[in-house]
Amino acid sequence: MKLTEWTMEEQEQLINFMTTNSWPFHGIEHPVRGLIQKTIEEGGYQSDQVTTFWIENDEGMQVGLVKIFDLRDDIPLFDLRIADPYRGKGYGPKALKMIADYVFSLPEKKIRLEGNTRHDNFAMRKAFERTGFVKEAHLRQAWFSPKENRYYDAVTYGMTREDWQAGITTPVHWNDEMEIIKEPTFNPLLLDFPEEFESERLVIRAPKREDAKLSYEAVLHSMDALRPWMPFAQKKPDLAQMEANLVEAIADFQLRKDLRLHFFSKETGEFIGSSGLHRIDWEVRKFEIGYWVDNRFEGKGYVTEAVDRITRFAFEELEANRVEIRCDPENVRSRAVAERLQFKLEGILRKDSISKIGNKLRDTCVYAKVRE
């Protein structure tokens with residue numbers, strides 16, 4: 009099958025086609041010669057707004073006619089007619105596909121194509137559906153039949169450029185006024201960001217399994233300094249347990265549940281300490297920074313440098329809205345880091361937790377930076 013453009017030299021053929029076939033589901037079932045001729049003269053079949061095609065089968069027979077109009081608009085319409093002897097032979101769906109291919113291949117890149125029919129024209133409606141058109145409207149008593157002097161319902165079918173290109177059919181949400189259409193939920197698993205970055209003296213990166221021995225040795229050397237503040241420093245570390253904990257931390261990092269970060273000397277490669285972004289709320293984009301350092305590297309500004317860089321990483325790469333530092337009011341070293349980096353003390357939560365030594369109630373300082 010193919011579409012062959014109708015020309016003004018074929019007026020007689022068109023008049024004959026229109027007057028010798030019946031059109032029960034169109035406005036005038038039996039149009040007369042004078043009406044067709046007048047429509048031709050007024051540009052109703054050929055103009056800058058209208059193009060008409062013969063529908064020819066593989067034997068070269070003119071089995072139908074299609075008029076595509078409103079061609080200067082983004083949304084053309086069409087009028088498809090299959091001759092009496094060829095109805096019910098599958099020409100309708102094939103013709104509709106060719107019409108869609110023609111319209112969406114125009115250089116103006118039309119955005120959609122529409123067609124209308126009477127609601128009881130089941131053959132045409134089935135042709136629409138087989139070709140990928142979607143029913144988009146049902147208009148009650150909108151189609152007048154002069155012969156019967158009564159109104160029928162009308163239906164509108166449409167196809168979008170996107171559906172045509174993808175070869176899919178997108179259904180209409182008929183109950184849209186009752187539905188709350190939500191924006192796609194943010195999925196942190198799909199968030200891509202660097203797992204390693206640097207500061208002036210440090211390399212800061214996601215944990216690796218081989219870090220277990222380095223972390224073990226750092227904790228072992230720092231037990232006395234860490235014990236008052238860190239749950240993991242309450243008893244002598246176990247290397248196998250620390251390795252298992254690291255495996256879990258690596259998985260949490262990939263799942264974006266918790267972002268542990270280790271920092272190393274850029275000059276010597278030595279493991280200096282651990283930090284990271286914890287208690288993450290991806291909806292709010294809120295993170296809490298925790299940190300500890302091998303006490304052999306205390307007093308050299310490494311923690312301040314690491315926390316400063318990780319804070320910038322949170323705001324720049326993760327689009328953080330809020331970054332917190334929480335610590336015991338008596339943990340003067342931790343508080344000094346927050347204050348040195350100009351985190352704002354927002355409050356002190358009284359009797360907020362249990363101390364690691366003495367099992368006493370303790371307060372918690374809440375420092376924060378927010379996106380301005």
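Start counting the sequence shown at 9; every next residue gets the next number (our numbering).
Even for Gly, the Cβ is constructed at its ideal location relative to N, Cα and C.
Which of the three DSSP states, helix, strand or coil, is assigned to residue i?
i           : result
residue 28  : helix
residue 333 : strand
residue 223 : helix
residue 338 : coil
residue 260 : helix
residue 286 : strand
residue 305 : helix
residue 371 : strand
residue 124 : strand
residue 242 : coil
residue 16  : helix
residue 11  : strand
residue 69  : coil
residue 162 : strand
residue 180 : coil
residue 91  : coil
residue 203 : coil
residue 296 : strand
residue 64  : strand
residue 328 : coil
residue 280 : strand
residue 85  : strand
Using a beta-carbon distance below 8 Å, is residue i in contact with chain B?
i          : result
residue 53 : This model lacks chain B altogether; it includes just one protein chain.
Applying the criterion that 16 or more other CB atoms from any shown protein chain within 10 Å of the CB defines a buried residue, is residue i buried or exposed?
i           : result
residue 135 : buried
residue 379 : exposed
residue 72  : buried
residue 178 : exposed
residue 356 : exposed
residue 151 : buried
residue 389 : As shown, the chain starts at 9 and ends at 380. That puts residue 389 outside it, with no answer to give.
residue 362 : exposed
residue 215 : buried
residue 299 : buried
residue 159 : exposed
residue 194 : exposed
residue 123 : buried
residue 295 : buried
residue 281 : buried
residue 220 : buried
residue 344 : exposed
residue 270 : buried
residue 86  : buried
residue 287 : exposed
residue 319 : buried
residue 222 : buried
residue 69  : exposed
residue 279 : buried
residue 63  : buried
Mind checking whether the beta-carbon of residue i lies closer than 7 Å to any heavy atom of the ligand FMN?
i           : result
residue 204 : Among the components of this structure there are no ligands whatsoever, and the ligand FMN is therefore not found.
Residue range of the beta strand (DSSP E) that residue i falls in?
i           : result
residue 315 : Note, residue 315: premise wrong, no beta strand (DSSP E); alpha helix (DSSP H) at 310-325.
residue 134 : Unbroken run through residue 134 is the alpha helix (DSSP H), 130-139; no beta strand (DSSP E).
residue 232 : Not the beta strand (DSSP E): residue 232 falls in the alpha helix (DSSP H), residues 231-234.
residue 99  : First-last for residue 99: 99-112, but that is the alpha helix (DSSP H), not the beta strand (DSSP E).
residue 151 : 142-153
residue 362 : 352-362
residue 79  : From DSSP, residue 79 is part of no beta strand (DSSP E); its letter is neither H nor E.
residue 211 : 210-213
residue 273 : 267-273
Comparing C-alpha positions only, which one of the options sits nearest to residue i?
i           : options            : result
residue 283 : 153, 267, 323      : 267
residue 41  : 358, 52, 28, 162   : 28
residue 225 : 207, 206, 251      : 251
residue 350 : 168, 227, 375      : 375
residue 149 : 125, 137, 143, 133 : 125
residue 133 : 166, 155, 119      : 166
residue 321 : 293, 344, 146      : 293
residue 119 : 47, 319, 82, 127   : 82
residue 16  : 39, 53, 30, 46     : 53
residue 335 : 86, 97, 359        : 359
residue 21  : 9, 48, 208         : 48
residue 291 : 306, 301, 328      : 328
residue 245 : 239, 236, 262, 227 : 227
residue 60  : 315, 66, 10        : 10
residue 67  : 157, 127, 94       : 94
residue 32  : 12, 91, 18, 51     : 91
residue 208 : 257, 249, 273, 89  : 273
residue 367 : 237, 346, 203, 181 : 237
Taking the alpha helix (DSSP H) that residue i belongs to, which residues open and close that run?
i           : result
residue 171 : 169-174
Q | Segments of 4+ residues assigned as alpha helix (DSSP H) that fall wholly inside the stretch 33-62 | A | Here the runs fully enclosed are 41-49.
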